[in-house]
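Engineer:
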Amino acid sequence: MTAINLYASGPRGLLMTDTAAYDDDGIVHSFVSKSIAIPRLRMAMATRGLISTLPALASRIDLMAASFDHLIDEGSSFIAQWFGEQDHDDATEREFELSAVGWSESRKACIAIQMASIDVPGRAAFQWSGGAVIIGPNPHMHDLVAAGVLVNGIFDEGNIEASLLKVLEIQRSYRTRLGTDPSLPERHCVGGQAIVTEVTEHGIAQRIVRTWHDRVGEHIDPSPPANVVPMSREQQRRLKQMRRGRA
């Protein structure tokens, strides 16, 4: 289950994802970028579902949309048409969720939007929904409060990037069952790196904001490595001095 968290308010939009790709048993087989920036449209997008859906859908949007506003206004129809033209081997390949954040020229603000290829509660297939903060998968309310993300029932936007990263750490701690077979064990599914894409009126920036210790060929384990002891401030100071001496 890919973690996809979005924020959009006024001049700034953020999209944060992890990078772990895994098999049906939750064993990591690679680390991949799960978000794509489309600078021409001043937007970034991520999908949940088959990994191959993201680049294919991004190419279609880049080809069909004249602007991010055009995607908001008419994207539902041309994305649904594109998806209907694809060959699907089974039911799981017919399910995806698209999340995007971009600059709306008509509204003079960043907007976060989301759609799915199937009906979900409160939203029909291929219809946009939006909000200032969109989080998936949804953490438990008490976890958000304990992490300081929810304060008096309000999402902490004081340092929104830090808040989204706290949400990602909560999502990383959860287990989920991969597939519909109830006999399958639940696995941790969020890992690799945390990548944030920032969108403004003037452009797009993308960077890694956290790297975890996960390895290819292993299950994701959110607990810190047992053999790693954090450096003290004095050790950090000495290390900086040694680095300056070698420069």
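Residue numbering for the sequence shown follows our numbering, beginning at 470 and increasing consecutively.
C-beta: ideal position from N, C-alpha, C; glycine also.
Remember, predicted model here, so these are calculated numbers, not experimental data.
Just mark Asp683 as buried or exposed, buried being the case when its beta carbon has 16 or more other beta carbons within 10 Å.
Structural biologist: buried
Engineer: Taking 7 Å as the threshold (C-beta atoms), are Ile507 and Ser568 in contact?
Structural biologist: no
Engineer: For Ser499 versus Thr486, is the C-beta distance shorter than 7 Å?
Structural biologist: With contacts defined as CB atoms closer than 7 Å, Ser499 and Thr486 fail to qualify as a contacting pair.
Engineer: If we call anything under 7 Å between Cβ atoms a contact, is Ile677 one with Ile689?
Structural biologist: no
Engineer: Count the other CB atoms within 10 Å of the CB of Gly571; is the residue buried (16 or more) or exposed (fewer)?
Structural biologist: buried
Engineer: Expressed to the nearest angstrom, what Euclidean distance is found between the alpha-carbon atoms of Asp548 and Pro524?
Structural biologist: Note on identity: in this sequence residue 548 is Ile, with Asp being the wrong assignment. In a straight line, the C-alpha of Ile548 is about 13 Å away from that of Pro524.
Engineer: Give me, in chain order, the residues of the same chain whose beta-carbon lies closer than 8 Å to that of Gly714; leave out the 5 immediate sequence neighbours on both sides.
Structural biologist: Interpretation of Gly714 is limited by its pLDDT of 49, a score under 50 that renders its predicted location unreliable; the figure taken from the coordinates is listed afterwards. Excluding residues within five positions, none has a Cβ falling inside 8 Å.
Engineer: Going by C-alpha to C-alpha distance, which of Asp650, Phe537, Ala490, Ser692 sits closest to Gly482?
Structural biologist: Here the closest residue by C-alpha is Phe537.
Engineer: Touch check for the stretch 629 to 637 and the stretch 601 to 616: three-plus C-beta pairs under 8 Å?
Structural biologist: yes
Engineer: Report the three-state DSSP secondary structure of Glu543 (helix, strand or coil).
Structural biologist: helix
Engineer: Please list the terminal residues of the continuous beta strand (DSSP E) segment that includes Leu484.
Structural biologist: 481 to 486
Engineer: Taking only three categories from DSSP, how would you classify Glu638?
Structural biologist: helix
Engineer: Quick check: the Cα distance between His657 and Arg644, rounded to an integer number of angstroms?
Structural biologist: 5 Å
Engineer: Measuring alpha carbon to alpha carbon, tell me which of Glu543, Arg509, Ser642 ends up nearest Met584.
Structural biologist: Glu543
Engineer: Anyone know if the C-beta pair for Ala594 and Ser586 falls short of 7 Å?
Structural biologist: yes
Engineer: Which residue from Glu667, Ala674, Leu647, Gly553 puts its Cα closest to that of Lys496?
Structural biologist: Residue identity differs from the one stated: residue 496 is Ile in this sequence, not Lys. If we check each option's Cα against that of Ile496, Leu647 comes out closest.
Engineer: Sort Leu475, Val614, His539, Arg511 by Cα distance to Thr671 and report the nearest one.
Structural biologist: According to the sequence provided, residue 671 is His. The question's Thr does not apply to it. Of the candidates Leu475, Val614, His539, Arg511, the one whose C-alpha sits nearest the C-alpha of His671 is Arg511.
Engineer: Mark Leu484 as exposed unless 16 or more other C-beta atoms lie within 10 angstroms of its C-beta, in which case mark it buried.
Structural biologist: By the neighbour-count criterion, in which 16 or more other beta carbons inside 10 Å mark a residue as buried, Leu484 falls on the buried side.
Engineer: Over the uninterrupted beta strand (DSSP E) stretch that includes Ser528, give me the two end residues.
Structural biologist: Careful: Ser528 lies outside any beta strand (DSSP E), inside the alpha helix (DSSP H) at 522 to 533.
Engineer: Taking all protein chains shown into account, decide if Thr666 is buried (16 or more other Cβ within 10 angstroms of its Cβ) or exposed.
Structural biologist: buried
Engineer: Helix, strand or coil: which one does DSSP assign to Ile548?
Structural biologist: helix
Engineer: Between Ala489 and Val659, how many whole angstroms is the CB-CB distance? I'm expecting something under 8 Å.
Structural biologist: 7 Å
Engineer: What span of residues does the alpha helix (DSSP H) with Met610 cover, start to end?
Structural biologist: 610 to 615
Engineer: If I'm right that Phe720 touches Arg529 with Cβ under 8 Å, what's the distance once you round it to whole angstroms?
Structural biologist: Here the chain comprises residues numbered 470 to 716, so residue 720 is not present and cannot be evaluated.
Engineer: From Pro691 to Ser478, what does the alpha carbon distance come to, in whole angstroms?
Structural biologist: 31 Å
Engineer: In the DSSP assignment, find the unbroken beta strand (DSSP E) run with His657 in it and report its ends.
Structural biologist: 655 to 657
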